[in-house]
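Chemist:
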Amino acid sequence: MLELHKMNLLIEEKIETILSSNNVTGRGLIILPSARKKYMVDHIPYFFRQDTDFRYLTGCLQPQSALVIEFTESYMKSYLLLRENTAYEEKWEGPRFGFQEATDFFGVDEVVSMNSFPDFLSRFSKDRMKLNMWYDVMSPRDEEIHANILEFIKTLGHHQNLNNIHPLREVLHEVRSIKSSAEIKLMRKTCEIGALGLKKTLASTKSLSTELDYLATIDYYSKMGGANFLAYPPVVATGDNANTIHYIAASDKVSSGDLMLMDAGCEYHGYSSDITRTWPVSGEFTEVQKVLYDIVLECQETLIKSIRPYETCIDQLYRLMLVELCKSLQTAGIIDEQEQSSALRFVHLYCPHNVGHHLGMDVHDCAELSKTKALLPGNIITIEPGLYIRKTFDRAPIEFRGQGLRIEDDILITDSGCEVLTNGCPKSRQEIEALINS
Ligand code: GLY
Ligand code: MN
Ligand code: MN
Numbered sequence: 015m016l017e018l019h020k021m022n023l024l025i026e027e028k029i030e031t032i033l034s035s036n037n038v039t040g041r042g043l044i045i046l047p048s049a050r051k052k053y054m055v056d057h058i059p060y061f062f063r064q065d066t067d068f069r070y071l072t073g074c075l076q077p078q079s080a081l082v083i084e085f086t087e088s089y090m091k092s093y094l095l096l097r098e099n100t101a102y103e104e105k106w107e108g109p110r111f112g113f114q115e116a117t118d119f120f121g122v123d124e125v126v127s128m129n130s131f132p133d134f135l136s137r138f139s140k141d142r143m144k145l146n147m148w149y150d151v152m153s154p155r156d157e158e159i160h161a162n163i164l165e166f167i168k169t170l171g172h173h174q175n176l177n178n179i180h181p182l183r184e185v186l187h188e189v190r191s192i193k194s195s196a197e198i199k200l201m202r203k204t205c206e207i208g209a210l211g212l213k214k215t216l217a218s219t220k221s222l223s224t225e226l227d228y229l230a231t232i233d234y235y236s237k238m239g240g241a242n243f244l245a246y247p248p249v250v251a252t253g254d255n256a257n258t259i260h261y262i263a264a265s266d267k268v269s270s271g272d273l274m275l276m277d278a279g280c281e282y283h284g285y286s287s288d289i290t291r292t293w294p295v296s297g298e299f300t301e302v303q304k305v306l307y308d309i310v311l312e313c314q315e316t317l318i319k320s321i322r323p324y325e326t327c328i329d330q331l332y333r334l335m336l337v338e339l340c341k342s343l344q345t346a347g348i349i350d351e352q353e354q355s356s357a358l359r360f361v362h363l364y365c366p367h368n369v370g371h372h373l374g375m376d377v378h379d380c381a382e383l384s385k386t387k388a389l390l391p392g393n394i395i396t397i398e399p400g401l402y403i404r405k406t407f408d409r410a411p412i413e414f415r416g417q418g419l420r421i422e423d424d425i426l427i428t429d430s431g432c433e434v435l436t437n438g439c440p441k442s443r444q445e446i447e448a449l450i451n452s
């Protein structure tokens, strides 16, 4: 925990990186609200998940909070707005940070009560036209806090020209995409827990009979391994269900001749893994399943080997995935167009999703980053080719229909290439079969 705490004391350093890499000058104000607590019904809350940009900069997990940073070229001051403790709320929801405690723990200059947020903001309205504001005005995180900020923006006169208000997410994602050594340590851990949980689930195949059994098993092993929770609703799909990319119903019985596609990852102290394995429920791949599995695995391995830091971008990997899948589908006689150029037009029918995405605090991390940006050491991405052939997809030879497969690993970009962080779960056919039958 000490490591996490230290990481969060770097607010000013992180902000300085953002300001200098964006040539920001003059007097400025950054406002970053937290996520708001949401209720299922009446007083029953959903599990709270902190906004990841806010968590990245502050480490603070309390809802209805905000980080405000005032800066000039020679001065920076950080404020954390927190809700006050009341005896009533403490009784129902547990303790919150006291203000002095929060100042020390989060390493900010001043903690201010959220009750006085409008008054607090008015401190910054002097000399107002010269104030550059950084705030995601188009995608508010908390409606109540947003209403206060809009009032403040009116007093600045900026509401007539929203160009004076710079979006924050984009620049934060730029910084967040390069993981620090403390973050890489957490990513290694979440990938290790996720991969081991998936391996144990795979090894339990013979004792499981419904998709829900598999879902309960991955949830159990992830949490028993130390995860806080699953990072997203897992895809637990057998047979034709796997051809629905976002199948999360997990409501079917599992049939012996079918493949199981499980896409599951966990969250460990704010960092996510995202792993997919596909395996035969019977413990033995059929001939058709072998052909498809080898195409996907070979493609994934080729993609991983092709990664060059400072050169490769996600879009290039996507194009390479299409070419590799295309060649293999032609060789296997699944796509019968002879020319690659015409065959390529059909590959997206077999794999309709992208090759991968950045991974970190969010599963689809730093979504504002361009896919044409070269990958850099410290980036973490997924590589996840798949093949999906619905029962009703009559372009494909009949024997291949009804199979859906994906293999997904989490990859750290290094100075010399890359490192797979999710090797803890096997993916060769031989290892998978041995694991199920052991
Ligand atoms: N689990 C979501 C994805 O693989 O992108
Ligand atoms: Mn993914
Ligand atoms: Mn996934």
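Each position in the sequence shown, counted from 1, maps to that position plus 14 in this note's numbering.
Cβ coordinates follow ideal geometry from the N, Cα and C atoms, glycine included.
1) Just to confirm, is the Cβ distance from Val250 to Glu225 under 7 Å?
2) On a CA-only basis, which of Leu275, Met238, Ala410, Asn129 is nearest Asn162? Give me that one, please.
3) From Leu383 to Cys205, what distance separates their C-alpha atoms?
4) Is Gln303 helix, strand or coil when you go by DSSP?
5) For ligand 1, any of its heavy atoms closer than 6 Å to the Cβ of Asp233?
6) For Lys213, is the classification buried or exposed, using 16 other Cβ atoms within 10 angstroms of its Cβ as the cut-off for buried?
7) My parser needs the beta strand (DSSP E) runs of 3 or more residues fully inside the segment 89-155; what are they?
8) On the three-state DSSP scale, how would you describe Lys341?
9) Give the straight-line distance between the Cα atoms of Val369 and Gln303, rounded to the nearest whole angstrom.
10) Around the Cβ of Gln444, are there at least 16 other Cβ atoms within 10 angstroms (buried) or fewer (exposed)?
11) Is DSSP giving Gly418 helix, strand or coil here?
12) Tell me which residues pass a beta-carbon proximity test against ligand 1: closer than 7 Å to any heavy atom, given in chain order.
13) Assign His260 to one of two classes, buried (16 or more other C-beta atoms within 10 Å of its C-beta) or exposed (fewer than that).
14) Can you tell me whether Tyr235 is buried or exposed, with buried defined as 16 or more other CB within 10 angstroms of its CB?
15) For Glu188 and Gly392, I'd like the C-alpha separation in whole angstroms.
16) Check this for me: beta carbons of Ala217 and Leu449, under 7 Å apart or not?
17) Is Glu87 helix, strand or coil when you go by DSSP?
18) Which stretch, first to last residue, makes up the alpha helix (DSSP H) that contains Ala251?
19) Is Leu273 closer than 7 Å to Pro294 when the C-beta atoms are compared?
20) Between which two residues does the beta strand (DSSP E) harbouring Gly42 extend?
21) For Val295, name the three-state secondary structure that DSSP assigns.
22) Going by the CB atoms, is the gap between Asp65 and Ser79 shorter than 7 Å?
23) Examine the Cβ distances between the segment 420-429 and the segment 278-297 and report whether three or more of them are shorter than 8 Å.
24) Nearest by alpha-carbon distance to Phe11: which of Tyr93, Leu244, Asn99, Arg97 is it?
25) Spatial neighbours of Gln344 within its chain, please: CB distance less than 6 Å, with the 5 preceding and 5 following residues excluded, ordered by chain position.
26) For Arg415 versus Ile427, is the C-beta spacing smaller than 7 Å?
27) Hey, would you say Met90 sits closer than 7 Å to Glu26, going by beta carbons?
28) Assuming Phe85 contacts Gly121 under a Cβ cut-off of 8 Å, what Cβ separation, rounded to an integer in Å, is found between them?
29) Output the distance between the C-alpha atoms of Ser136 and Phe166, rounded to the nearest integer angstrom.
30) Would you list the residues sitting across from Cys280 in a DSSP beta bridge?
31) Let me know the secondary structure DSSP gives Asp67 once reduced to three states.
32) Using a Cβ-Cβ cut-off of 7 Å (strictly less than) and excluding sequence neighbours within five positions of Arg202, which residues of its own chain qualify?
33) Tell me the rounded alpha-carbon separation between Ser34 and Ala388.
34) On the criterion of 16 or more Cβ atoms from any shown chain inside 10 Å, does Ile446 qualify as buried, or is it exposed?
35) Could you spell out where the alpha helix (DSSP H) holding Cys205 opens and where it closes?
36) Helix or strand or just coil, what does DSSP make of Met274?
Modeler: Taking the coordinates as given:
1) Translated into positions along the sequence shown, residue 250 becomes position 236. Translated into positions along the sequence shown, residue 225 becomes position 211. In contact: Val250 and Glu225 (Cβ atoms closer than 7 Å).
2) Taking the first residue of the sequence shown as position 1, residue 162 is located at position 148. Cα-wise, what sits closest to Asn162 is Asn129.
3) To locate residue 383, count along the sequence shown from 1; it is residue 369. To locate residue 205, count along the sequence shown from 1; it is residue 191. When only Cα atoms are considered, Leu383 and Cys205 end up about 22 Å apart.
4) One-based indexing of the sequence shown puts residue 303 at position 289. In this structure, Gln303 counts as helix in the three-state DSSP scheme.
5) To locate residue 233, count along the sequence shown from 1; it is residue 219. Asp233 Cβ: outside cutoff for every heavy atom of ligand 1.
6) Taking the first residue of the sequence shown as position 1, residue 213 is located at position 199. The residue in question, Lys213, is buried, as its Cβ has 16 or more Cβ neighbours within 10 Å.
7) Fully enclosed beta strand (DSSP E) runs of 3 or longer: 89-96, 124-127, 145-148.
8) In the sequence shown, the residue the question calls residue 341 occupies position 327. Three-state DSSP puts Lys341 in a helix.
9) Indexing the sequence shown from 1 puts residue 369 at position 355. Indexing the sequence shown from 1 puts residue 303 at position 289. If I take the Cα positions, the gap works out to 21 Å.
10) Numbered from 1 along the sequence shown, position 430 holds the residue referred to as residue 444. Gln444 should be labelled exposed.
11) If you number the sequence shown from 1, residue 418 lands on position 404. Residue state, collapsed to three classes: strand.
12) Going down the chain, each residue whose beta-carbon is closer than 7 Å to a heavy atom of ligand 1 shows up: Tyr246, Val249, Asp277, Gly279, Asp288, Thr290, His371, Val377, His378, Thr396, Glu398, Glu422.
13) On the sequence shown, position 246 is the one that residue 260 refers to. Burial call: exposed.
14) As a position in the sequence shown, residue 235 is number 221, starting the count at 1. Under this definition Tyr235 is a buried residue.
15) Mapped onto the sequence shown, residue 188 falls at position 174. Mapped onto the sequence shown, residue 392 falls at position 378. For Glu188 and Gly392, the distance between alpha carbons rounds to 12 Å.
16) Walking along the sequence shown from the start, residue 217 turns up at place 203. Walking along the sequence shown from the start, residue 449 turns up at place 435. In contact: Ala217 and Leu449 (Cβ atoms closer than 7 Å).
17) Here residue 87 refers to the residue found at position 73 when the sequence shown is read from its first residue. Note: Glu87 maps to coil in three-state DSSP.
18) The residue you call residue 251 lines up with position 237 of the sequence shown. Per DSSP, Ala251 belongs to no alpha helix (DSSP H); it is in the beta strand (DSSP E), 249-252.
19) Stepping through the sequence shown from its first residue, residue 294 is reached at position 280. Stepping through the sequence shown from its first residue, residue 273 is reached at position 259. In contact: Pro294 and Leu273 (Cβ atoms closer than 7 Å).
20) Taking the sequence shown and counting its residues from 1, the one referred to as residue 42 is at position 28. Run containing Gly42: 41-47, per the beta strand (DSSP E) assignment.
21) The residue labelled residue 295 in the question sits at position 281 within the sequence shown. In the structure shown, Val295 sits in coil (DSSP, three-state: anything other than H, G, I, E or B).
22) Here residue 79 is taken as the residue at index 65 of the sequence shown, counted from 1. Here residue 65 is taken as the residue at index 51 of the sequence shown, counted from 1. No, the pair does not count as a contact, with Cβ atoms beyond the cut-off.
23) yes
24) Missing from the structure shown is residue 11; the chain here goes from 15 to 452 and no further.
25) Residue numbering aside, residue 344 sits at position 330 when the sequence shown is read from its first letter. If we look at Gln344 and ignore the five residues flanking it on each side, its Cβ neighbours are Ala357.
26) Taking the first residue of the sequence shown as position 1, residue 415 is located at position 401. Taking the first residue of the sequence shown as position 1, residue 427 is located at position 413. Contact flag unset, no.
27) The sequence position of residue 90 within the sequence shown is 76, counting from 1. The sequence position of residue 26 within the sequence shown is 12, counting from 1. Against a cut-off of 7 Å, the Cβ pair of Glu26 and Met90 comes out as a contact.
28) The residue you call residue 85 lines up with position 71 of the sequence shown. The residue you call residue 121 lines up with position 107 of the sequence shown. Phe85 to Gly121, Cβ: 16 Å. No contact.
29) Within the sequence shown, numbered from 1, the residue matching residue 136 stands at position 122. Within the sequence shown, numbered from 1, the residue matching residue 166 stands at position 152. Whole-angstrom Cα-Cα distance: 7 Å.
30) What you label residue 280 is simply residue 266 of the sequence shown in a count that begins at 1. DSSP output for Cys280 lists Leu244 as bridge partner(s).
31) For the purposes of this step, residue 67 is taken as the residue at position 53 of the sequence shown. DSSP places Asp67 in helix when its eight states are reduced to three.
32) Within the sequence shown, residue 202 is the residue found at index 188, counting from 1. Leu435.
33) Here residue 34 refers to the residue found at position 20 when the sequence shown is read from its first residue. Here residue 388 refers to the residue found at position 374 when the sequence shown is read from its first residue. Near 20 Å, if we compare the C-alpha coordinates of Ala388 and Ser34.
34) Counting from 1 along the sequence shown, the entry for residue 446 is found at position 432. Residue environment: Ile446 is assigned as buried (16 or more neighbouring CB atoms within 10 Å of its CB, all protein chains considered).
35) To locate residue 205, count along the sequence shown from 1; it is residue 191. Cys205 -> alpha helix (DSSP H) spans 195-217.
36) Start at 1 with the first residue of the sequence shown, and residue 274 comes out as number 260. The answer is strand: DSSP assigns Met274 an E or B state.
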